[in-house]
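Protein chains in written order, with the numbering used here: chain A, 149 to 259; chain B, 1157 to 1269.
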């Protein structure tokens, strides 16, 4: 069975600081991994995904994530936070049609 | 913009009434999904479709049915709504040759009193 754990339901950073959102997964088979972002009153947008190949994945808006099999992690980072990054972020693991989402981490960015 | 429209965007109804939510897409995607979003649970898959008239259950399908008679429309029906089905419902489609959800509609906020 697959599952996803996002560490921290809320994360607060200052504008210009590093953003680090943590995600750990469990999967009995090699997983596909995703990060999505959700702005208020909108649906989710795909930030980036890992399927196979290079373990460092670059996404939109300056975000990237690294697949670490030994740690079963797929943490999301951005070197310098911007006010527009304030949103809720979801990590997800998938195999076939079944995509399992984490509970989400709300990112606050302070001026 | 993946051309996904959900209707209605908001609905308030009473326990025991039937409710149908519509998802319409304009880009001929084969795979379509219905999710519900509840605080602390992320998104949970209700049903999905892998083609016209081809659908299957997700992890929280009890109390819900779906239909897909045309590529562009995927309907979610609550036959007899209950208060536990109060939620925000999202439709999604898979992009390209993927079968994972990549584009989402803006959601339907459903309240069942």
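Virtual Cβ for every residue (Gly too), placed ideally from N, Cα, C.
Compute the Euclidean distance between the alpha carbons of residue 1254 of chain B and residue 1218 of chain B, then round it to the nearest angstrom.
Counting from one through the second chain, the residue named residue 1254 of chain B turns up at place 98. Counting from one through the second chain, the residue named residue 1218 of chain B turns up at place 62. Taking the straight line from one Cα to the other gives about 27 Å.
Between residue 1168 of chain B and residue 1269 of chain B, how many whole angstroms is the CB-CB distance? I'm expecting something under 8 Å.
The sequence position of residue 1168 of chain B within the second chain is 12, counting from 1. The sequence position of residue 1269 of chain B within the second chain is 113, counting from 1. Indeed, because the Cβ distance is near 7 Å, the residues count as touching under 8 Å.
Please report the straight-line C-alpha distance between residue 1256 of chain B and residue 175 of chain A, rounded to a whole angstrom.
Taking the second chain and counting its residues from 1, the one referred to as residue 1256 of chain B is at position 100. Taking the first chain and counting its residues from 1, the one referred to as residue 175 of chain A is at position 27. The straight-line gap from Cα to Cα measures roughly 16 Å.
In chain A, what lies closer than 8 Å to residue 1252 of chain B by C-beta?
In the second chain, the residue the question calls residue 1252 of chain B occupies position 96. Listed along the chain, the chain A residues whose CB falls inside 8 Å of the CB of residue 1252 of chain B amount to none; the nearest CB is some 11 Å away.
Work out the CA separation of residue 240 of chain A and residue 1204 of chain B for me, nearest whole Å.
Taking the second chain and counting its residues from 1, one reaches residue 1204 of chain B at position 48. Taking the first chain and counting its residues from 1, one reaches residue 240 of chain A at position 92. Answer to the nearest angstrom: the Cα atoms are 17 Å apart.
Is it the case that the Cβ atoms of residue 1251 of chain B and residue 1241 of chain B are separated by a distance below 7 Å?
For the purposes of this step, residue 1251 of chain B is taken as the residue at position 95 of the second chain. For the purposes of this step, residue 1241 of chain B is taken as the residue at position 85 of the second chain. In this structure, residue 1251 of chain B lies away from residue 1241 of chain B, with their beta-carbon atoms at least 7 Å apart.
Collapsed DSSP secondary structure at residue 1240 of chain B in the structure displayed
Within the second chain, numbered from 1, the residue matching residue 1240 of chain B stands at position 84. In the structure shown, residue 1240 of chain B sits in a helix (DSSP, three-state: H, G or I).
Looking at residue 251 of chain A: is its Cβ nearer than 7 Å to the Cβ of residue 187 of chain A?
Mapped onto the first chain, residue 251 of chain A falls at position 103. Mapped onto the first chain, residue 187 of chain A falls at position 39. No; because the gap between Cβ atoms is not below 7 Å, this pair is not in contact.
Keeping to the same chain, check which residues put their C-beta closer than 8 Å to that of residue 256 of chain A; ignore five residues upstream and five downstream.
Within the first chain, residue 256 of chain A is the residue found at index 108, counting from 1. Listed in chain order, the non-local C-beta contacts of residue 256 of chain A below 8 Å within the same chain comprise 158, 159, 160, 161 and 234, local neighbours out to five positions each way being set aside.
Output needed for residue 1213 of chain B: all residues of its chain with C-beta closer than 7 Å, excluding positions within five of it in sequence on either side, in chain order.
The count along the second chain starts at 1 and reaches residue 1213 of chain B at position 57. Cβ neighbours of residue 1213 of chain B beyond the five flanking positions: 1203.
Backbone CA spacing between residue 204 of chain A and residue 1173 of chain B [nearest angstrom]:
Counted from its first residue, the first chain places residue 204 of chain A at position 56. Counted from its first residue, the second chain places residue 1173 of chain B at position 17. C-alpha separation (whole angstroms): 49 Å.
Reduced DSSP category for residue 228 of chain A - H, G, I as helix; E, B as strand; rest coil
Here residue 228 of chain A is taken as the residue at index 80 of the first chain, counted from 1. Residue 228 of chain A falls in the coil class under three-state DSSP.
In the DSSP assignment, find the unbroken beta strand (DSSP E) run with residue 199 of chain A in it and report its ends.
If you number the first chain from 1, residue 199 of chain A lands on position 51. Careful: residue 199 of chain A lies outside any beta strand (DSSP E) and carries neither H nor E.
Return helix, strand or coil for residue 191 of chain A, following the three-state DSSP convention.
Residue mapping note: residue 191 of chain A aligns to position 43 of the first chain, counting from 1. Coil at residue 191 of chain A, not helix or strand.
Residue 217 of chain A in three-state terms, based on DSSP
Position 69 of the first chain holds residue 217 of chain A. In this structure, residue 217 of chain A counts as helix in the three-state DSSP scheme.
Take the Cβ of residue 166 of chain A as the centre, count every other Cβ of all protein chains shown within 10 Å, and call the residue buried at 16 or more, exposed below.
Here residue 166 of chain A is taken as the residue at index 18 of the first chain, counted from 1. Residue 166 of chain A comes out exposed.
Report buried or exposed for residue 229 of chain A, applying the criterion of at least 16 other Cβ atoms within 10 angstroms of its Cβ.
Translated into the one-based positions of the first chain, residue 229 of chain A becomes position 81. Buried, since its Cβ has 16 or more Cβ neighbours within 10 Å.
Rounded to the nearest angstrom, what separates residue 1182 of chain B and residue 1247 of chain B at their Cα positions?
Here residue 1182 of chain B refers to the residue found at position 26 when the second chain is read from its first residue. Here residue 1247 of chain B refers to the residue found at position 91 when the second chain is read from its first residue. Taken atom to atom, the span from the alpha-carbon of residue 1182 of chain B to that of residue 1247 of chain B is near 13 Å.
How should residue 1222 of chain B be labelled, buried or exposed, when 16 other C-beta atoms within 10 angstroms of its C-beta is the threshold for buried?
The sequence position of residue 1222 of chain B within the second chain is 66, counting from 1. Per the 10 Å Cβ criterion, buried.
Taking a contact to mean a Cβ-Cβ separation below 7 Å, would you say residue 150 of chain A touches residue 248 of chain A in this structure?
Here the question's residue 150 of chain A lines up with position 2 in the first chain. Here the question's residue 248 of chain A lines up with position 100 in the first chain. In this structure, residue 248 of chain A lies closer than 7 Å to residue 150 of chain A by Cβ.
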